[in-house]
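Chemist: In order, the protein sequence lines correspond to chains A and B.
Count along the first sequence from 1, add 2, and you get the number used in this note's numbering.
Count along the second sequence from 1, add 2, and you get the number used in this note's numbering.
All C-beta atoms, glycine included, are put in the ideal place defined by N, C-alpha and C.
Keep in mind it's a predicted model, so treat the numbers as computed, not measured.
Sharing a structure with you now.
There are 2 protein chains.
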Amino acid sequence: MDTLNPALDLVLRSALLWSNMVKKADQQLSVHGISFSEFGILHQLSLAPQQRLSRIELATAVGLSASGITRLLQPMEKIQLVEKEQNARDARVSLVKLTPAGQQIYLDAQQSCDFFATQFVSPLTPRQQETLADLLKRL
Amino acid sequence: MDTLNPALDLVLRSALLWSNMVKKADQQLSVHGISFSEFGILHQLSLAPQQRLSRIELATAVGLSASGITRLLQPMEKIQLVEKEQNARDARVSLVKLTPAGQQIYLDAQQSCDFFATQFVSPLTPRQQETLADLLKRL
DNA sequence: ACAATATACTTGCACACTCAAGCATTGATC
DNA sequence: GATCAATGCTTGAGTGTGCAAGTATATTGT
């Protein structure tokens, strides 16, 4: 108990840091009417070829379960940030595609998020930011 | 869109990484009948002087709201991992104290969590783990 | 061809968490 | 010393998410 395992300390600190970070990001994004999770969805879609992905792909890309994705997408479809498409080869998969409106919201939100992210890592020098990104990629 | 802001990329990657990490940690801890949040509570209490903290202190230490703490502690009090104590100087605060049973569960769970944490950071060399911990502390 | 298994979701239920409102107590100001 | 704001906490209502079970389609083995 006196000498704490550094790995455990790292894990606990990170969990706290990350939870606070997401809360702040959510706050920034609330101006655009979307949550950090929704931003993640839009982000992944905008990076995807033809800006569309299956729900399962989205789930793993943003770290949610399949059911989480289903429910998260419902309101986004309703306000037409995304739309459903069928997959010709497999009738089970229902593709999610970014609409022009969704694209626009994403670009707006991205600015806020860019700003936030830049601010968030600003205690580190550019060199350190690079190192951090590199180390995290290996986990 | 072509060249993504590295800071934004870092933030999004981290969110995914930590969310997956917490899920795995939760799985490891389920053997002991506690969640990662509950482990965090026990951990903070075991580090605290006299192993007791106010609910507000706990909240900020583990990254939850005051109401989150209230509800999280209810079952823990019921199975006597922690107990209530009054603060002599301020009747508003209700201190939370680790019981011997709670201490024992914590020590057991800590072993699992140590193991998990060590495994989690094992893709990095000890030197890199140190660097990572150091960089995260500055955020 | 047909059964058995796997995959891509969706839905019902449960749980964890937050926010806003409320209560009790304390501290500050006049 | 009375009032008014601030603090610590609890509770009611709502949101986000997961798990297990269900449905539809696909794939595999015989």
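Mind checking which residues open and close the alpha helix (DSSP H) that includes R129 of chain A?
Modeler: Its alpha helix (DSSP H) spans residues P128 to K139.
Chemist: Which residues in the same chain as S56 of chain A place their Cβ atom closer than 8 Å to its Cβ, once the five residues preceding and following it in sequence are excluded?
Modeler: The residues are N89, V95, S96, L97 and V98.
Chemist: Just confirm the distance between the C-beta atoms of G42 of chain A and L14 of chain B, as a whole number of angstroms; I'd bet it's less than 8 Å.
Modeler: Yes, G42 of chain A and L14 of chain B are in contact; Cβ-Cβ is about 6 Å, under 8 Å.
Chemist: Are the C-beta of V64 of chain B and some C-beta of chain A separated by less than 8 Å?
Modeler: Yes, contact with chain A.
Chemist: According to the neighbour-count rule (16 or more other Cβ atoms, all chains shown, within 10 Å of its Cβ), is L83 of chain B buried or exposed?
Modeler: Buried is the call here.
Chemist: When you compare the CB positions of Q29 of chain B and L100 of chain B, do they come within less than 8 Å of one another, or not?
Modeler: Contact flag unset, no.
Chemist: Output yes if chain B places a C-beta closer than 8 Å to the C-beta of H34 of chain A; else output no.
Modeler: With 8 Å as the cut-off, H34 of chain A does not count as an interface residue toward chain B.
Chemist: Does any residue of chain B have a CB that is nearer than 8 Å to the CB of K110 of chain A?
Modeler: Reading the sequence as shown, one finds Asp at residue 110 of chain A and not Lys. Not closer than 8 Å to any Cβ of chain B, the Cβ of D110 of chain A fails to qualify, so no.
Chemist: Helix, strand or coil: how does DSSP classify R73 of chain A here?
Modeler: Here R73 of chain A sits in helix by DSSP.
Chemist: Would you mind telling me which residues of chain A sit closer than 7 Å to S56 of chain B, beta carbon to beta carbon, in chain order?
Modeler: Result: empty, since nearest Cβ-Cβ is about 18 Å, beyond 7 Å.
Chemist: According to the Cβ coordinates, are F118 of chain B and A27 of chain B closer than 8 Å?
Modeler: Yes, they are a contact pair.
Chemist: Taking 8 Å as the cut-off, does the region 7-26 of chain A touch the region 115-130 of chain B (at least 3 CB pairs, one atom from each stretch)?
Modeler: Yes, the region 115-130 of chain B touches the region 7-26 of chain A.
Chemist: From E40 of chain B to A111 of chain B, what distance separates their C-alpha atoms?
Modeler: Rounded to the nearest angstrom, the two C-alpha atoms are 10 Å apart.
Chemist: Check L10 of chain B in the structure and name its three-state DSSP category.
Modeler: In the structure shown, L10 of chain B sits in a helix (DSSP, three-state: H, G or I).
Chemist: The alpha helix (DSSP H) that contains S48 of chain A, what's its start and end?
Modeler: Here the alpha helix (DSSP H) through S48 of chain A covers F38 to L49.
Chemist: Inspect the CB distances between the region 67-74 of chain B and the region 120-138 of chain B and report whether three or more fall short of 8 Å.
Modeler: As far as the Cβ criterion goes, the region 67-74 of chain B does not touch the region 120-138 of chain B, which means the pair count is below three.
Chemist: Buried or exposed, going by whether 16 or more other CB atoms sit within 10 Å of the CB of Q76 of chain A?
Modeler: With fewer than 16 Cβ atoms within 10 Å of its Cβ, Q76 of chain A is classed as exposed.
Chemist: In chain order, which alpha helix (DSSP H) runs of at least 4 residues are fully inside the region 85-133 of chain B?
Modeler: Fully enclosed alpha helix (DSSP H) runs of 4 or longer: 102-122.
Chemist: Please classify L66 of chain B: does DSSP put it in a helix, a strand, or coil?
Modeler: Coil at L66 of chain B, not helix or strand.
Chemist: Check whether chain B comes within 8 Å of D28 of chain A, counting only Cβ atoms and requiring the distance to be less than that.
Modeler: No, D28 of chain A lies away from the interface with chain B (no Cβ there is under 8 Å from its Cβ).
Chemist: Using a Cβ-Cβ distance cut-off of 8 Å, determine whether S96 of chain A contacts chain B.
Modeler: Answer no: the Cβ-Cβ gap between S96 of chain A and chain B never drops below 8 Å.
Chemist: Helix or strand or just coil, what does DSSP make of L18 of chain B?
Modeler: Of the three classes helix, strand and coil, the one that applies to L18 of chain B here is helix, per DSSP.
Chemist: Which residue from B:N22, B:Q46, B:V24 and B:R91 puts its Cα closest to that of G104 of chain B?
Modeler: Of the candidates B:N22, B:Q46, B:V24 and B:R91, the one whose C-alpha sits nearest the C-alpha of G104 of chain B is B:Q46.
Chemist: Grab me the residues of I58 of chain A's own chain with a C-beta within less than 7 Å of its C-beta, minus the 5 sequence neighbours each way, in chain order.
Modeler: Excluding residues within five positions, the ones whose Cβ falls inside 7 Å are A68.
Chemist: In this structure, how does DSSP classify L83 of chain A when only helix, strand and coil are distinguished?
Modeler: L83 of chain A: coil per DSSP, three-state reduction.
Chemist: Compute the distance between the beta-carbons of V24 of chain A and A17 of chain B, then report whether it is under 8 Å.
Modeler: Result yes, Cβ atoms of V24 of chain A and A17 of chain B sit closer than 8 Å.
Chemist: Between P2 of chain B and chain A, is there a C-beta pair that is closer than 8 Å?
Modeler: Absent from the model: residue 2 of chain B. The displayed extent of chain B is 3 to 141, so no value can be given.
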